[in-house]
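Enquirer: Residue numbers (the UniProt record's numbering): 1 to 173.
Note that CB positions come from ideal geometry on N, CA and C, so glycine has one too.
Since we're looking at a predicted model, the values are computed, not measured.
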Amino acid sequence: MELKQFKITVLPLRDKLLNYARRLTEDSSDAEDAVQEVMLKLWNLRQKLDEYRSIEAVAMTMTHHLCMDMWRARRPDTVPIEQVQAAASAGTPERLLEERDEFKLMQEIIDSLPTLQRTIIRMKDIEEYETEEIAEITGCNAEAIRSNLSRARKKVREIYLLTIQERKKRNEA
1 MELKQFKITV
11 LPLRDKLLNY
21 ARRLTEDSSD
31 AEDAVQEVML
41 KLWNLRQKLD
51 EYRSIEAVAM
61 TMTHHLCMDM
71 WRARRPDTVP
81 IEQVQAAASA
91 GTPERLLEER
101 DEFKLMQEII
111 DSLPTLQRTI
121 IRMKDIEEYE
131 TEEIAEITGC
141 NAEAIRSNLS
151 RARKKVREIY
161 LLTIQERKKR
171 NEA
């Protein structure tokens, strides 16, 4: 693909990618960075783009993955000191550690889900997207979103309860 064809085929996708990235990152500058990086990757792949059925789908997927990577990079693995100080009056250090362990456990459980279920549960329960928005972003219909979300929540609940039971047994022994 030459420059002229790239301009005709890929560049018009920029606004759509930018809107999508803004929804995922909730930050205009991060969204702009992500889209610029996607455009650069697409330019570097320009000789192979003809092999794909939908360049738009490739671009949207790249944008999604980049935004999720940005989100993961921003996510703190430790609790900020302000949050600890604010919560200190509400609980003991032991309770704060328990809450942090619970949070880590939930993250691990969600990370263990199949990709689609993991994405849907994060978008719905963490990022607070509406079902219709998730359907639009993922390309699934709303019923499939609800079904996958239900399965994901059920699986999280099962794994969580099993883990808690195992911990109790270890502590009693």
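In angstroms with no decimal places, state the Cα-to-Cα distance between residue 136 and residue 165.
Expert: Roughly 39 Å separates the two Cα atoms.
Enquirer: Does DSSP put residue 18 in a helix, in a strand, or in coil?
Expert: DSSP places residue 18 in helix when its eight states are reduced to three.
Enquirer: Tell me where the alpha helix (DSSP H) around residue 148 begins and ends.
Expert: Residue 148 -> alpha helix (DSSP H) spans 142-172.
Enquirer: Which same chain residues, not among the five before or five after residue 116, have their C-beta less than 8 Å away from its C-beta?
Expert: Contacts found: 138, 140 and 148.
Enquirer: Straight-line CA distance for residue 104 to residue 73?
Expert: Answer to the nearest angstrom: the Cα atoms are 16 Å apart.
Enquirer: Would you report the Cα separation of residue 20 and residue 128, rounded to the nearest angstrom?
Expert: Taking the straight line from one Cα to the other gives about 15 Å.
Enquirer: Residue 102 to residue 158, Cα distance in whole Å?
Expert: Going by the C-alpha atoms only, they are around 15 Å apart.
Enquirer: In whole angstroms, give me the CA-to-CA distance for residue 28 and residue 171.
Expert: Each residue's alpha carbon lies about 48 Å from the other.
Enquirer: Over what stretch of residues does the alpha helix (DSSP H) that includes residue 93 continue unbroken?
Expert: Taken as a continuous stretch (DSSP letters only), the alpha helix (DSSP H) holding residue 93 covers 93-111.
Enquirer: For the UniProt domain "RNA polymerase sigma-70 region 2" (14-75), which segments carrying the alpha helix (DSSP H) assignment without a break, of at least 4 residues, lie completely within its bounds, in sequence order?
Expert: For the UniProt domain "RNA polymerase sigma-70 region 2" (14-75), whole alpha helix (DSSP H) runs of length 4 or above, ordered along the chain, are 14-25, 28-44 and 55-74.
Enquirer: Helix, strand or coil, according to DSSP, for residue 123 in the structure here?
Expert: Note: residue 123 maps to helix in three-state DSSP.
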